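S.K.:
Protein chains: 2
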Amino acid sequence: MVNYPNQKKTFTRQKESQANRGMKFEEMLNETNAYYREHDIAMIFKKPIPIQIVKVDYPSRSGAVIKEAYYKIPSTTDYNGIYRGHYIDFEAKETQNKTSFPLSNIHAHQIEHLARVRDHGGISFLLLHLRKLDAIYLLDSKHLIGYHNRAKNGRKSISFEEIKTHGYLIAEGFAPRVPYLDIVDYLIEQKKA
Amino acid sequence: MVNYPNQKKTFTRQKESQANRGMKFEEMLNETNAYYREHDIAMIFKKPIPIQIVKVDYPSRSGAVIKEAYYKIPSTTDYNGIYRGHYIDFEAKETQNKTSFPLSNIHAHQIEHLARVRDHGGISFLLLHLRKLDAIYLLDSKHLIGYHNRAKNGRKSISFEEIKTHGYLIAEGFAPRVPYLDIVDYLIEQKKA
């Protein structure tokens, strides 16, 4: 089963991905989204980290300094926006694991959020950076939800074999670095069909 | 010119809005969006406030404490999400002014963001709480952009008369408190037409 809509693109992956080695996945995605915005292709942003602010000082007229604050658990996913008129929503994760992605790396309510976005007509997925394989996959939320449900009574991770079977390999590039919208184009086509 | 799609709803406004007096606009919108989510009507969230974190302490194994951080200028608007398959994006503002809304209350790049969302096929607008009139209006981004462009060479505010003419009055209610999606329904119909 070939899930990749445009298989030939993957040939360029091995060489170009050298440049990304050591770069954090989040930075790669920030660069990618900046590219998409600059070229007016899509308007997709990473949301700020949710913070509970407890104490703020005003040492000068120039501005406030937060002196005590705590990280909060995010109520949604990290990324959302618009592409070709479609609402896009996704979470991005990377793993150093060699054989599987543990579902404990993603909050249950984030998976449920992705499922609900899908029900409302949006396009939602997980972007997974498998560092040991030096590969990035897009896993549609419909599969992620399946694995999430399976985890309630069984296996609590997604094997790389499953990711390869049901996910879409993203050919890393230079500009944009992680061209995941190529796969989203394919998901849009599938939605129409 | 009557801009309100369902004029009769406004009759209930005066009485019910008493309950909202003193409540912050942001809280009213948070309640509204929670209502829409709980009833599976829409998935719209307020984004976290963007913070630049400088110093983090780890006083115990239980968690991190942010000891120095600064507010950043938001790169996008405060609210976005999905409704009826449409990408929704808006900014919310309130004013104590008696006759006009100063455009200095909203960042230029946020207005440009709303314009771009519109160009990409999304529905974008400003929700304005005019406290002195005890009234809430939805102003479509196409008008907001017009006033933004006018401000470059002329008047730097939007008069309440203009807001009344081009905006849509939102009938405040109890649940949801600020039923702005009633107006969005109308914008979706206009988009189709």
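Which chain is which? The protein sequence lines are A and B, in order.
This note's numbering applies: residue 164 is where the first sequence begins, and numbers increase by one.
This note's numbering applies: residue 164 is where the second sequence begins, and numbers increase by one.
Every residue, glycine too, gets a C-beta built ideally from N, C-alpha and C.
As the structure is a computational prediction, the values presented were derived from the model and not from experiment.
Can you list, in chain order, the residues of its chain with a C-beta nearer than 7 Å to that of Tyr199 of chain B? Leave out the 5 residues immediately preceding and following it.
M.R.: Taking the second sequence and counting its residues from 1, one reaches residue 199 of chain B at position 36. The residues are Ala205, Ile207, Pro339, Leu344.
S.K.: Within the 9 Å Cβ cut-off, does Arg279 of chain B reach chain A?
M.R.: Looking up residue 279 of chain B in the second sequence gives position 116. Chain A, which has a Cβ nearer than 9 Å to the Cβ of Arg279 of chain B, makes this yes.
S.K.: Closer than 9 Å by beta-carbon distance: list the chain A residues that pair up with Ser267 of chain B, in chain order.
M.R.: Reading the second sequence from its first residue, position 104 is the one you call residue 267 of chain B. Chain A residues near Ser267 of chain B: none, gap ~18 Å exceeds 9 Å.
S.K.: Can you list, in chain order, the residues of the region 229 to 247 of chain A whose Cβ is nearer than 9 Å to any Cβ on chain B?
M.R.: Ile229, Lys230, Glu231, Ala232, Tyr233, Tyr234, Lys235, Pro237, Ser238, Thr239, Asn243, Gly244, Ile245, Tyr246, Arg247
S.K.: By how many angstroms is the C-alpha of Gly226 of chain A removed from the C-alpha of Asn316 of chain B?
M.R.: For the purposes of this step, residue 316 of chain B is identified with residue 153 of the second sequence, where counting begins at 1. For the purposes of this step, residue 226 of chain A is identified with residue 63 of the first sequence, where counting begins at 1. In a straight line, the C-alpha of Asn316 of chain B is about 30 Å away from that of Gly226 of chain A.
S.K.: DSSP three-state label for His306 of chain B, please.
M.R.: As a first step, residue 306 of chain B is located in the second sequence; it is residue number 143 there, counting from the start. Three-state DSSP puts His306 of chain B in a helix.
S.K.: Measure the alpha-carbon distance for Ser267 of chain A versus Arg318 of chain A and round it to whole angstroms.
M.R.: As a working note, residue 267 of chain A is residue 104 in the first sequence. As a working note, residue 318 of chain A is residue 155 in the first sequence. Each residue's alpha carbon lies about 11 Å from the other.
S.K.: For Gln170 of chain B, collect the residues of the same chain with a Cβ closer than 8 Å to its Cβ; drop the 5 residues on either side in sequence, then sort them by chain order.
M.R.: In the second sequence, counting from the first residue as 1, residue 170 of chain B sits at position 7. With a pLDDT of only 40 at Gln170 of chain B, under the threshold of 50, the placement of this residue in the model should not be trusted; the figure read from the coordinates follows. Correct list: empty, nothing qualifies.
S.K.: Kindly confirm or deny that the region 218 to 235 of chain A and the region 267 to 283 of chain A touch, where touching means at least three C-beta pairs closer than 8 Å.
M.R.: When C-beta atoms of the region 218 to 235 of chain A are compared with those of the region 267 to 283 of chain A, fewer than three pairs fall below 8 Å, so the two segments do not count as touching.
S.K.: For Ile214 of chain B, which residues from the same chain have a beta carbon less than 6 Å from its beta carbon, with the 5 sequence-adjacent residues on both sides left out?
M.R.: Sequence index remark: in the second sequence, residue 214 of chain B carries index 51 (1-based). Taken in chain order, the residues that qualify are Ala232.
S.K.: Hey, how far is the Cα of Arg247 of chain B from the Cα of Arg281 of chain A?
M.R.: Counting from 1 along the second sequence, the entry for residue 247 of chain B is found at position 84. Counting from 1 along the first sequence, the entry for residue 281 of chain A is found at position 118. When rounded, the distance between both Cα atoms is 11 Å.
S.K.: Tell me Tyr234 of chain B's beta-bridge partners as DSSP assigns them.
M.R.: Position 71 of the second sequence holds residue 234 of chain B. For Tyr234 of chain B, which the question treats as bridged, DSSP gives the partners B:Ile214.
S.K.: So, for Ile216 of chain A: in the same chain, excluding its five sequence neighbours on each side, which residues have a beta-carbon less than 7 Å away from its beta-carbon?
M.R.: On the first sequence, residue 216 of chain A is found 53 positions in, with the first residue counted as 1. Short of 7 Å from the beta carbon of Ile216 of chain A, and not among the five residues preceding or following it, lie these beta carbons of its own chain, in chain order: Ile229, Ala232.
S.K.: Of all the CB atoms in chain A, is at least one closer than 9 Å to the CB of Leu344 of chain B?
M.R.: Position 181 of the second sequence, counting from 1, holds the residue named residue 344 of chain B. Answer no: the Cβ-Cβ gap between Leu344 of chain B and chain A never drops below 9 Å.
S.K.: Would Ala278 of chain B and Ser320 of chain B be called neighbours here (beta carbons separated by less than 9 Å)?
M.R.: Taking the first residue of the second sequence as position 1, residue 278 of chain B is located at position 115. Taking the first residue of the second sequence as position 1, residue 320 of chain B is located at position 157. The criterion of a C-beta distance shorter than 9 Å is not satisfied by Ala278 of chain B and Ser320 of chain B.
S.K.: Are there any heavy atoms of the ligand SAH lying less than 8 Å away from the beta-carbon of Ser225 of chain B, as far as the coordinates show?
M.R.: Questions concerning the ligand SAH fall outside what the structure shown contains, since it holds no ligand whatsoever.
S.K.: Just checking: is the beta-carbon of Gly285 of chain A within a distance shorter than 9 Å of some beta-carbon in chain B?
M.R.: As a first step, residue 285 of chain A must be located in the first sequence, where it is residue number 122. Judged by the 9 Å Cβ criterion, Gly285 of chain A is in contact with chain B.
S.K.: Touching or not, the region 321 to 337 of chain A and the region 285 to 303 of chain A, by the rule of three or more beta carbon pairs under 8 Å?
M.R.: yes
S.K.: Using a cut-off of 8 Å between C-beta atoms, extract the partners of Phe208 of chain B located in chain A.
M.R.: Along the second sequence, one-based indexing puts residue 208 of chain B at 45. Here the neighbours are Ser238, Thr239.
S.K.: Taking 9 Å as the threshold (C-beta atoms), are Lys209 of chain A and Glu189 of chain A in contact?
M.R.: Position 26 of the first sequence holds residue 189 of chain A. Position 46 of the first sequence holds residue 209 of chain A. Yes, the Cβ-Cβ distance between Glu189 of chain A and Lys209 of chain A is below 9 Å.
S.K.: Is any beta-carbon of chain B found at less than 9 Å from that of Ala205 of chain A?
M.R.: Here residue 205 of chain A refers to the residue found at position 42 when the first sequence is read from its first residue. Answer yes: the Cβ-Cβ gap between Ala205 of chain A and chain B drops below 9 Å somewhere.
S.K.: Would you call Ser322 of chain A buried or exposed, if buried means 16 or more other Cβ atoms sit within 10 Å of its Cβ?
M.R.: Stepping through the first sequence from its first residue, residue 322 of chain A is reached at position 159. So Ser322 of chain A ends up on the exposed side.
S.K.: Closest by CA to Ile251 of chain A, which one among A:His292, A:Pro342, A:Gly284?
M.R.: Here residue 251 of chain A is taken as the residue at index 88 of the first sequence, counted from 1. Of the candidates A:His292, A:Pro342, A:Gly284, the one whose C-alpha sits nearest the C-alpha of Ile251 of chain A is A:Gly284.
S.K.: Indicate the three-state DSSP secondary structure (helix, strand or coil) for Thr383 of chain A in the structure shown.
M.R.: Since the displayed chain A opens at 164 and closes at 356, residue 383 of chain A lies outside it and no answer follows.
S.K.: With a threshold of 9 Å between beta-carbons, can Val341 of chain B be considered close to chain A, or not?
M.R.: Taking the first residue of the second sequence as 1, we reach residue 341 of chain B at position 178. It does not: the Cβ of Val341 of chain B has no partner Cβ on chain A nearer than 9 Å.
S.K.: Going straight from the alpha carbon of Glu254 of chain B to that of Ser287 of chain B, what length do you get?
M.R.: On the second sequence, residue 254 of chain B is found 91 positions in, with the first residue counted as 1. On the second sequence, residue 287 of chain B is found 124 positions in, with the first residue counted as 1. Taking the straight line joining both Cα atoms gives about 8 Å.
S.K.: Under 9 Å, do Tyr310 of chain A and Glu325 of chain A count as touching if we go by C-beta distance?
M.R.: Taking the first sequence and counting its residues from 1, one reaches residue 310 of chain A at position 147. Taking the first sequence and counting its residues from 1, one reaches residue 325 of chain A at position 162. For Tyr310 of chain A and Glu325 of chain A, yes; Cβs fall inside 9 Å.
S.K.: State the Cα-Cα distance for the pair Arg313 of chain B and Pro342 of chain B, rounded to the nearest angstrom.
M.R.: Indexing the second sequence from 1 puts residue 313 of chain B at position 150. Indexing the second sequence from 1 puts residue 342 of chain B at position 179. Approximately 30 Å, taken between the alpha carbons.
S.K.: Just mark Tyr242 of chain B as buried or exposed, buried being the case when its beta carbon has 16 or more other beta carbons within 10 Å.
M.R.: For the purposes of this step, residue 242 of chain B is taken as the residue at position 79 of the second sequence. By the neighbour-count rule (16 or more Cβ atoms within 10 Å), Tyr242 of chain B is buried.
S.K.: For Ala356 of chain B, count neighbouring C-beta atoms within 10 Å of its own C-beta (all shown protein chains included) and say buried if the count is 16 or more, exposed if not.
M.R.: Your numbering for residue 356 of chain B matches position 193 in the second sequence. Classification of Ala356 of chain B: exposed, given that the 10 Å Cβ count is below 16.
S.K.: Can you check whether the C-beta of Asp282 of chain A is within less than 9 Å of a C-beta belonging to chain B?
M.R.: Position 119 of the first sequence, counted from the start, is the residue given in the question as residue 282 of chain A. Chain B contact via Cβ: present.
S.K.: What's the C-alpha gap between Gln181 of chain A and Asp297 of chain B?
M.R.: In the first sequence, the residue the question calls residue 181 of chain A occupies position 18. In the second sequence, the residue the question calls residue 297 of chain B occupies position 134. With a pLDDT of only 46 at Gln181 of chain A, under 50, the local geometry of the prediction cannot be trusted, and no value is derived from it.
S.K.: Once DSSP output is grouped into helix, strand and coil, what is the label at Leu296 of chain B?
M.R.: For the purposes of this step, residue 296 of chain B is taken as residue 133 along the second sequence, with counting starting at 1. Coil.
S.K.: Is Ile274 of chain B near Ile308 of chain B, with beta carbons less than 9 Å apart?
M.R.: One-based indexing of the second sequence puts residue 274 of chain B at position 111. One-based indexing of the second sequence puts residue 308 of chain B at position 145. Yes. Within cutoff.
S.K.: Return yes when the Cβ of Glu335 of chain A is within less than 9 Å of the Cβ of Leu293 of chain A, no when it is not.
M.R.: Position 130 of the first sequence, counted from the start, is the residue given in the question as residue 293 of chain A. Position 172 of the first sequence, counted from the start, is the residue given in the question as residue 335 of chain A. No. Outside cutoff.
S.K.: So, at 7 Å on beta carbons, what are the nonlocal neighbours of Thr262 of chain B in its own chain, with the 5 sequence-adjacent residues on each side left out?
M.R.: What you label residue 262 of chain B is simply residue 99 of the second sequence in a count that begins at 1. If we look at Thr262 of chain B and ignore the five residues flanking it on each side, its Cβ neighbours are Ser322, Phe323.
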